[in-house]
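J.: In our numbering, the protein residues as written are 149 to 741.
#1: Rounded to a whole number of angstroms, what is the C-alpha to C-alpha distance between residue 617 and residue 219?
#2: What number of angstroms, rounded off, separates the C-alpha of residue 578 from the C-alpha of residue 257?
#3: So, helix, strand or coil for residue 213, using DSSP?
#4: When DSSP builds the beta bridges, which residues end up paired with residue 614?
#5: Given that a residue counts as buried once 16 or more other Cβ atoms are within 10 Å of its Cβ, and exposed if not, what is residue 570?
#6: Straight-line CA distance for residue 657 to residue 712?
#7: Output needed for residue 245: all residues of its chain with C-beta closer than 7 Å, excluding positions within five of it in sequence on either side, in chain order.
#8: Tell me whether residue 499 is buried or exposed, calling it buried when 16 or more other Cβ atoms sit within 10 Å of its Cβ.
#9: Can you give the Cα-Cα distance for residue 302 and residue 280, rounded to whole angstroms?
#10: Can you check whether the CB of residue 585 is closer than 9 Å to the CB of residue 604?
#11: Let me check one thing: in DSSP terms, what residues is residue 394 bridge-paired to?
#12: Using the C-alpha atoms, what's the distance from residue 629 back to residue 532?
#13: Return yes when the Cβ of residue 624 is within less than 9 Å of the Cβ of residue 541, no when it is not.
#14: According to DSSP, is residue 244 part of a helix, a strand, or is it coil?
#15: What three-state label does DSSP hand residue 208 in the structure shown?
#16: So, residue 448 versus residue 426, is the Cβ gap smaller than 9 Å?
#17: What are the boundary residues of the beta strand (DSSP E) that residue 526 is part of?
#18: In angstroms with no decimal places, state the Cα-to-Cα distance between residue 691 and residue 488.
#19: Rounded to whole angstroms, what is the Cα-Cα separation between residue 357 and residue 529?
#20: Please say whether residue 264 and residue 271 have beta carbons closer to each other than 9 Å?
#21: From 291, 299, 320, 361, pick the residue whose C-alpha is nearest to that of residue 328; which is it?
#22: For residue 590, collect the residues of the same chain with a Cβ closer than 7 Å to its Cβ; drop the 5 residues on either side in sequence, then sort them by chain order.
#23: Using three-state DSSP, classify residue 425 as helix, strand or coil.
#24: Does the Cβ-Cβ distance between residue 452 and residue 238 come in under 9 Å?
#25: Considering residue 743, what are the terminal residues of the alpha helix (DSSP H) in which it resides?
#26: For a quick check, are the C-beta atoms of residue 314 and residue 296 less than 9 Å apart?
#27: Give the C-beta separation of residue 407 and residue 386 to the nearest angstrom, bearing in mind that I take them to be a contact with Cβ-Cβ under 8 Å.
#28: Could you round the C-beta distance between residue 444 and residue 391 to whole angstroms and report it? I think they count as a contact, below 8 Å.
#29: Rounded to whole angstroms, what is the Cα-Cα separation between residue 592 and residue 439?
#30: Taking 9 Å as the threshold (C-beta atoms), are residue 594 and residue 508 in contact?
#31: Can you round the beta-carbon distance between residue 472 and residue 497 to whole angstroms, since I take them to be within the 8 Å contact cut?
#32: So, are the CB atoms of residue 464 and residue 506 less than 9 Å apart?
#33: Roughly how many angstroms separate the alpha carbons of residue 349 and residue 537, rounded to a whole number?
#34: Using beta-carbon positions only, say whether residue 353 and residue 705 come within less than 9 Å of one another.
#35: Report the residue ranges of all beta strand (DSSP E) runs contained in full by the segment 275-349; include only those spanning at least 3 residues, in chain order.
#36: Report the three-state DSSP secondary structure of residue 583 (helix, strand or coil).
Put into C-alpha cells, the structure is as follows:
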C-alpha cells in the first residue's frame, strides 16, 4: 500500500531547521532542544538499531522489575553470582567503559536504579559473540530504553549488580539528548516529560500527590465511606460561587456546564440512603490562574449523616495529622528530594488544632463591633465604619464593587487567616450570608446569625471547608434567594432578576470561597436540589478539601502547578500552541522545498 503524499512527507527523514516563531524566544529555544537529530538517526539506522521491537518474554528468563530485583537479591554477598537468570528493562542513566573488557551501565525503572555489568571475558566463555559490544556501547546514549539479561551479583565495591549473560538490547532509543538537569523554567514547563526525567523533585512531588490520594481513599474506606462518581457535565455547575465553563451538546439547545463542585450531587445521594459518601475527582472554575489557583483542580468531598461540626473537626484533625505522618515517612524513605518534615514540623500538626470564631476575632482585629449583618443596610454601615478607620473598601474588593459576603471574606483574609502561620487554624461560625448551604444559629456571644461552619487554614492557605448541611428545604430556598438578591444590580427588580430555573451561567447554590465573580452575575437557584431536600436529608456533616493544596503543604512547594501532572492550564495550553507552531513550521518547510 503506497502512502499518500502527505503521509510520505511526514515519514521521510527530517532536515532540521530553526523554527520561525517570531518573537517567542522561549518556544524557539525549546523547539531547538526538541529538534530531530539526523546524526543520531543515521548512526542508529546504520547499526540496524531502529527496530522498536515488541517485548517477548521467555519463560526460562522471566522479566523482573528493578525494585523487585533489588528486594529479592538484597542479601547477595560480594563476588557471589546467583545462578537464576532474569531480564531487566530500564532507561539508561549512565554508561562507562573500563578498558576493553568491562562495561558498566546504570538502568532506572520505577524510580530505582540498578547497576549492570558486561564482562567480556565471562560473556565469551559462555559462548556470546562480543565482537559488536564495543560498537553497541558507543551507540548507547543516556535516555535509551534497553533490556539486559543476566544474574544477580554484588560488585567489589558492594553495589548490587546484574551481571550480563548477553549483550544489551535497545528497545527504544532516545533520539534527543537527555539532560542531567533542566533548570530553565520555560523548558521545564514546555517539556514536562523531560523535567520529570531530569529533576527528581518534580517527579517526587507528583509521586507524593499519588500517595496522598491513596492515603485519603484508604482513610475514608476504613471508616465505612463509599466512593461514588457524580456528574461532571450537567445543566447547573453547582456547589460554590464561581464562573463555570459553559458548553453545548450536539443536538441539544440547552447549554451545559462543567461542575464547580460535586456537593449538591453527593447530598442527593445522602437523601437516597447513602449515609457516608465521598468523591475524589476534578472540578472546574472559569477564573484566574495564580500560585494557588488553577481552573482545573482536584477536590475530595465527603458527607456523613448524623455528623456534627465537632465530628467534622475531629475527623479533619485525624486526616491531616495522619497525612502529615505518612508524608514524613515517605519523604524520609522514598521521596528524599523533597524537604524533610522533621519532628519539629510534625509537631506543628499536633491535636487539637487552634480555633477562632469569625466575628469575635474580626471585631477584635478591627477594634469595633460589626453591625447587624442581616440588616438590609449592613453593607453600607460596615463600609462606613471601615472608611472611618482608614480602610478603603474599594481597594479591598477591587476590581468588583463590594458585596457583603465578599467583603467579609476579604477582611478575614487580612486579619484572621494570618494567624495560621505557626499552626493549623480552624476559623468557625462564619456569618450566615457567607454560607447559604449550611445550617445556622444565633451566636450567644455576638447575637449575630452565624453558620455551623468552619474552615481549616495552614500557613495562610485554606485547606478544608466543612459545615452542618442545611436540610430544611424552605430555609434552603430562602437562603438561595437572599444570596441571589445580594448579587443583583440594586437598580433591577430583584424578584424578576432571579432566574429560576436559569441557564447555567453560575454555580447553583454556593459558599464564598475566594472565587472572583463578575459584576451583575447572579447565583442560580437549583430547584431540583431543593426538591430533593423535600424527600428528607438527615442531619448531615459535609467536608471539602483541595487535593493540590494538601500536596503543596507537604511537598514544600508554593506553586500549584508543581502539583499538577502537566502544570497549570496556561502551561497545558502553551504545549498545545507549541505543537501547532511545529506543524506550521513543518508545512512551511515543505513549501520551501
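Cβ atoms here follow ideal geometry from the backbone N, Cα and C, with glycine treated the same way.
T.: Working from what's here:
#1: 49 Å
#2: 50 Å
#3: coil
#4: 602, 691
#5: exposed
#6: With a pLDDT of 47 at residue 657, under the threshold of 50, the modelled position of this residue cannot be trusted; read the value that follows with caution. Taking the straight line joining both Cα atoms gives about 28 Å.
#7: 251, 285
#8: exposed
#9: 26 Å
#10: no
#11: 405
#12: 26 Å
#13: no
#14: strand
#15: coil
#16: yes
#17: Here residue 526 belongs to no beta strand (DSSP E); instead the alpha helix (DSSP H) covers 526-536.
#18: 29 Å
#19: 45 Å
#20: no
#21: 291
#22: 597
#23: strand
#24: no
#25: With the chain represented from 149 up to 741, any question about residue 743 goes unanswered, as that position is not in the structure.
#26: yes
#27: 6 Å
#28: Actually they do not touch by this definition, with Cβ atoms about 14 Å apart.
#29: 39 Å
#30: yes
#31: 4 Å
#32: no
#33: 47 Å
#34: yes
#35: 293-302, 308-312, 317-320
#36: coil
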